[in-house]
Amino acid sequence: MEKYGLVFYVFILVLSVFSYIVSATRNKKHKLPPGSMGWPYIGETLQLYSQDPNIFFSDRHTRYGEIFKSRMLGYPCVMLASPEAARFVLVTHANLFKPTYPKSKEDLIGPAALFFHQGDYHLRLRKVVQRCLSPEAIRNFVADIEDIAVSALDSWADGQVVNTFHEMKKFSFEVGILAIFGHLEDHHKEELKRNYCIVEKGYNSFPTSFPGSSYSNALKARKMLSKILCKIISERKEKKTAENGLLSCFLSSPNENGISLTENQIADNIIGVLFAAQDTTASALIWIIKYLHDNLKLLESVKAEQKAICRQLNVEETRHLTWRNTREMPITHKVVLETLRKSSIISFTFREAVEDVEYKGYLIPKGWKVMPLFRNIHQNPDFFSDPHKFDPSRFEKAPKPNTFMPFGSGVHACPGNELAKLEMLIITHHLITKFRWEVVGPESGIQYGPFPVPIHGLPARFWRQ
Ligand code: HEM
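Here this note's numbering is used: the first residue of the sequence shown is 236, the next is one more, and so on.
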């Protein structure tokens, strides 16, 4: 017995030495990227959270170059700060990097949401979402988005101080509901809103299932959301009414084998799209207000462009903005693009290497997190001169390829980008032509929640002109 034990021990020893030699040879051939892994386990997490994350990343970018390693929240990571590297991970070698999210977040949104997946299931859902959010589909929403924008602005334009971010979140939520359900009964909308807010609170909290914690309340509210969504789905199936919106697309999209999506798959994707749509769009909208407020000359030229559209609408006696009008706003459109560049709402994204990958002589080991740093690319003076200046005129020329990625790139690029831009154009039109506003409180400062927004959500007063 003892003899077998010894043989086994020697076998393990030989195996370990062998794997050490293989890994040493591999690592010699392809070294790890430069950078510091920080403290054991926590790595550089404290440094990241104790300062402005942009400074954290840009410091290391300057120190180590376009590719560097670190350790965050217990995970070894490789950060990539060049357009070529981002394209490598997100586009040309996307099959080597899978999306990765903490389990606690997956449980709240629902594991069947498309952005947690790769391969056939992801592609199938993505095609449906892309079709329903394409310019051809969303042009039918212009009048409804306009109604939502006008009633949102009217509700806060009485001179009271409002938290602009909260108000913009209400607006982007309503548009998200419209894009998903078309017209939805008020009682369903209210129930969805109430439970969604609890889920959202839990999403950004510490994930403990201790009774009464934000996270455990969120899990309960998430179950309620599933129930409400299943009810709406069965009502829609019964009524067989043709509504615009994602839900109708999900319900009428069997795959090539005739298999329909399950109610749970549809519910997870509805919650997923709402999550992807709401805070991102609201953050971009509040930055537009901030940048226009800080650049009076620009504000005047956007106003002139939008007033010209109002005059045109008066002549044509059209009550509503049309899709064509929204395509004839060159200055406002450039303001939207520059806002997306400068604010870089999604500063970076996460993937995980599914096998050892070599990039420019460096090894990205299997299982490591990989982070393309969009913001660093958007702030690089080689691609955007004087990058800290808010200058929409830079978009008179198209940016260099792969340098402008506010909506990501490749197989997971944002399918809602046209809708988000449409929302920004429509609400800016009404804000600029019918309202004036004044920012209250600090003029500078950013908070991350997790997206960057002006400090305290940009408290401001709005008045109807
Ligand atoms: C200014 C607003 C928005 C910004 C900045 C934004 C940004 C992004 C980015 C960067 C990604 C890619 C993430 C990655 O590669 O990991 C993404 C994905 C996604 N976005 Fe957006 N987004 C916005 C608005 C919207 C809207 C309005 C919708 C839907 C109505 C939407 C739905 C989605 C979905 C479903 C995905 C996942 C796509 C996939 O995995 O295939 N987004 N978004």
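Note that the Cβ used here is the ideal one computed from N, Cα and C, for glycine as well. Quick caveat: nothing in here was measured; it's all calculated off a predicted structure.
Your pair G480 and I380 does not check out as a contact, with CB atoms roughly 13 Å apart and the cut at 8 Å. At a cut-off of 7 Å, the beta-carbon of L482 does not count as near the ligand HEM: no heavy atom of the ligand is closer than that. If you check the C-beta of R361 against the ligand HEM, you find a heavy atom less than 7 Å away.
For P677, the CB stays at least 7 Å from every heavy atom of the ligand HEM.
With contacts defined as CB atoms closer than 8 Å, M659 and L520 qualify as a contacting pair.
Here Y276 carries a coil assignment [DSSP, helix/strand/coil]. Judged by DSSP in its simplified three-state form, K304 adopts strand. Distance check between K635 and each of N499, F618, G651 places F618 closest, using alpha-carbon atoms only.
Ranking V364, S628, K669, L527 by CA distance to the CA of K542 puts K669 first. Scanning G270, Q500, K569 for the CA closest to the CA of E631 turns up K569.
Counting only runs of 4 or more residues that sit fully inside the segment 392-465, the alpha helix (DSSP H) segments are 399-416, 421-438, in chain order. Counting every other CB atom within 10 Å of its CB across the protein chains shown gives W603 a total of 16 or more, marking it as buried.
Here the alpha carbon of I681 sits roughly 16 Å from the alpha carbon of F625.
At least 8 Å separates the beta-carbon of F323 from that of P334.
Between L454 and L343, the C-beta spacing is below 8 Å. With contacts defined as CB atoms closer than 8 Å, I599 and V605 qualify as a contacting pair. With a threshold of 7 Å, the Cβ atom of G270 does not count as near the ligand HEM, since no heavy atom of the ligand is closer than that.
Counting along the chain, A588 sits inside the beta strand (DSSP E) bounded by residues 586-588.
Proximity to D382 across K362, V410, Q547 peaks at V410, based on C-alpha coordinates. Assignment of P334 by DSSP, reduced to helix, strand and coil, places it in the strand class.
At least one heavy atom of the ligand HEM sits closer than 7 Å to the Cβ of V508.
Under a 10 Å Cβ-count criterion, H647 is classified as buried, with 16 or more other Cβ atoms of the shown protein chains found around its own Cβ.
Counting along the chain, A543 sits inside the alpha helix (DSSP H) bounded by residues 531-550. Counting the other Cβ atoms within 10 Å of the Cβ of W698 gives fewer than 16, which makes it exposed.
The DSSP-derived three-state label of E631 is helix.
Here R429 is exposed: its Cβ has fewer than 16 other Cβ atoms, across all protein chains shown, within 10 Å.
For C312, the three-state secondary structure derived from DSSP is strand.
Only buried fits F292, as 16 or more other CB atoms lie within 10 angstroms of its CB. For F697, DSSP records a beta bridge to W672. The C-beta distance from I566 to E540 rounds to 5 Å, short enough to meet the 8 Å contact threshold.
Not one heavy atom of the ligand HEM lies closer than 7 Å to the C-beta of G596.
Residue environment for S579: buried (at least 16 other C-beta atoms within 10 angstroms of its C-beta). Straight-line spacing of the CA atoms in E587 and F332 works out to 5 Å. Judged by the Cβ position, C465 fails to qualify as a neighbour of the ligand HEM at the 7 Å threshold, every heavy atom of the ligand being at least this far. Residue environment for R298: exposed (fewer than 16 other C-beta atoms within 10 angstroms of its C-beta).
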